[in-house]
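Just add 95 to the spot in the sequence shown (first one is 1) and you have our numbering.
In this text, a Cβ means the ideal position worked out from N, Cα and C, and glycines have one as well.
Just so you know, these numbers come straight off a predicted model, no measurement behind them.
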Amino acid sequence: MFNKILIANRGEIALRILRACRAMGIGAVVAYSEADRESLAPQLADEAICIGPADARRSYLSAPAVVSAAIVTGCDAIHPGYGFLSEDAGFADVVRAHGLTFIGPPAEVLEKFASKEATRRLLASHGLLTVPGSGMLRDEAHALEEAEQIGYPVLIKPSAGGGGKGMRLVRTARELEATFKVSRSEAQAGFGDDSLYLEKYLDDNRHVEIQVAVDRQGNAIHLGERDCSVQRRHQKLIEETPSPALSEAARRDLAERALRAIAEAGYENLGTLEFLIDSKGEAYFIEINCRVQVEHPITELTTGIDMVALQIRIAAGEPLGLTQADVKPQGHAIEFRILAEDPAKDFRPQAGQIGAYLAPGGPGIRVDSHVYPGYEVPTFYDSLLGKLSVWAPDRPQAIARADAALRELLVDGLTTNIELHRAILANQVFIDGKVTTNLLDRVGSAPFVAAGNR
């Protein structure tokens, strides 16, 4: 096992990894940018090191800065969290070349799964149904040609990265012409890779993902599924497990097929296979995330498994220590991403100082956050303030417990999406478990905002 881990990330995930290290008796160093000096993780850490200015390209995205920090502080491993360098095969290779361990899939595994388009083809060869799509697009003319063959509407998708950056829904050739260069520019800015491909857009689909873990010895388990259908602009807002869209038989079948495919494809460490489920119940694989997910807390709540600790043990070469029979999800859990944005103003990001702050409590309530009263929310990074997760024996109780927790949660000084979450919870479509990924984009947030303000 590692003696000391450098935590090369920020916000709530840095704090989450710090706590996992402490529970495992592993030393930890928090790497932070100048903008995050007053964040909770650096303040609570026994050891912290500044790796550069606020600009992520010169701090969290700088491989030399991160690796140097690990060497200077005597670390033997680096945990990249999610985002930033967490799925960068080149970075993982540099880490290994300096005698350190990258906590995540090895460089060659990340390289194999780096291209979403290539991953679709690879896992299709191992039995997973994929959404009709194109290969890598050479230019705008090629995109138009491929779109005609696939049939509109289509999604333009970056082959690297995630989080909805660079992704665009286009319904006509004219829209494609107007959007192609913008998507390519966003992909280049966000991921350093402007490669794009097309994917057939499925109207009224559900977004369901399967969490897997594979150790170095080839042992593999899944930890159930999560439903991530409540989205805006292809970015998740609310996640829950188990999915209300799946029967027990469908749930078991999808998880088993996903696990078999990814194990046969040579994967290692934590991973999440994402699927779209159409109106007929057919599940199409779309991509894999080779890292710990933002929404991992709800899987931890239902399975009782510390997924960050599991990720660290796998990276250290230890076997899973679990079989599929040991994974017994119980109850229902829902996670809410608490964002510093204004839903009434097109989800405009907010920045500034937090005034009063109160985290809810009680049975089945979990808050992952790096903020506190007086904390200055910087303008340089994403708008995630934290995550509220709830657990209850069943879905109706989880919804009731979630509403009570959201009512208690107080983040003063900034506009947040807390009331939007409450309004979505109260909406009959959500209560019936029938939300599709395009709901907020189709009807807009106004009806939900108005309902939440009543």
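Item, Value
"Under 8 Å between C-beta atoms of V307 and L264", "no"
"Proximity to E270 [Cα-Cα], best of E235, K423, A255", "E235"
"For E413, the three-state DSSP class (helix, strand or coil)", "coil"
"Strand pairing of L479, partner residues [DSSP]", "L434"
"Buried versus exposed, by CB contacts within 10 Å (16 or more), T531", "buried"
"Alpha-carbon to alpha-carbon, L505 and F442", "19 Å"
"Inter-residue Cα distance where the pair is E334 and L415", "26 Å"
"Neighbourhood of G106 by C-beta distance below 6 Å, restricted to the same chain and skipping five residues each side", "H465"
"Short Cβ contact (8 Å threshold) for D289 with R301", "no"
"Cross-strand partners of E351 (DSSP beta bridge)", "None; E351 has no bridge partner."
"Cβ neighbour criterion (16 or more within 10 Å) applied to G547", "Because the pLDDT of G547 is 46, which lies under 50, any placement of that residue in the model is unreliable, and the number read from its coordinates should be weighed accordingly. Classification of G547: buried, given that the 10 Å Cβ count is 16 or more."
"Span separating the alpha-carbon of P458 from that of L318", "23 Å"
"8 Å contact criterion, which I460 and T367 should meet: CB distance rounded", "Not a contact, Cβ separation roughly 24 Å."
"Where the beta strand (DSSP E) containing G122 begins and where it ends", "122-128"
"Residue from P488, T225, L509 with nearest C-alpha to P444", "L509"
"At least 3 beta-carbon pairs within less than 8 Å: the region 423-442 vs the region 140-154", "no"
"CA-to-CA distance, F431 to G528, given in whole angstroms", "16 Å"
"Every unbroken beta strand (DSSP E) inside the region 255-311 [3 residues or more]", "263-265, 291-295, 301-309"
"Exposure of D491, with buried meaning 16 or more beta-carbon neighbours within 10 Å", "The identity of residue 491 in the sequence shown is Pro, whereas the question assumes Asp. Counting Cβ neighbours within 10 Å, P491 comes out exposed, since fewer than 16 surround it."
"Residues that H427 bridges to, as DSSP identifies them", "A487"
"Coarse secondary structure for E241, derived from DSSP in three states", "helix"
"DSSP-derived helix/strand/coil call for S464", "strand"
"Where L224 falls, given that 16 or more other Cβ within 10 Å makes a residue buried", "exposed"
"Buried or exposed by the 16-neighbour rule on C-beta atoms within 10 Å, applied to Q406", "buried"
"Inter-residue Cα distance where the pair is G412 and D310", "7 Å"
"H174 - partner residues in DSSP beta bridges", "I102"
"Cβ contact check for the region 368-380 and the region 417-424: 3 or more pairs under 8 Å", "no"
"I409 vs A493 beta-carbon contact at 8 Å", "no"
"For A187, the first and last residue of its enclosing alpha helix (DSSP H)", "184-192"
"Contacts around E382, its chain only, beta-carbon distance under 7 Å, and the 5 residues preceding and following it disregarded", "K211, T214, E369"
"CB of K99 within 8 Å of CB of C170, strictly", "yes"
"Whole runs of the beta strand (DSSP E) within the region 335-408, excluding any shorter than 3 residues", "364-372, 378-384"
"E564 versus G246 - alpha carbon distance", "In this structure the chain extends from 96 to 549, so residue 564 is not present and cannot be described."
"Contact between the region 193-212 and the region 161-178 (3+ Cβ pairs under 8 Å)", "yes"
"Sequence-distant residues of the same chain with beta carbon closer than 7 Å to P227, five excluded per side", "I245, K295"
"When G456, S324, A404, Y476 are compared against C65, the one with the closest alpha-carbon", "There is simply no residue 65 to check, as the chain begins at 96 and stops at 549 in what is shown."
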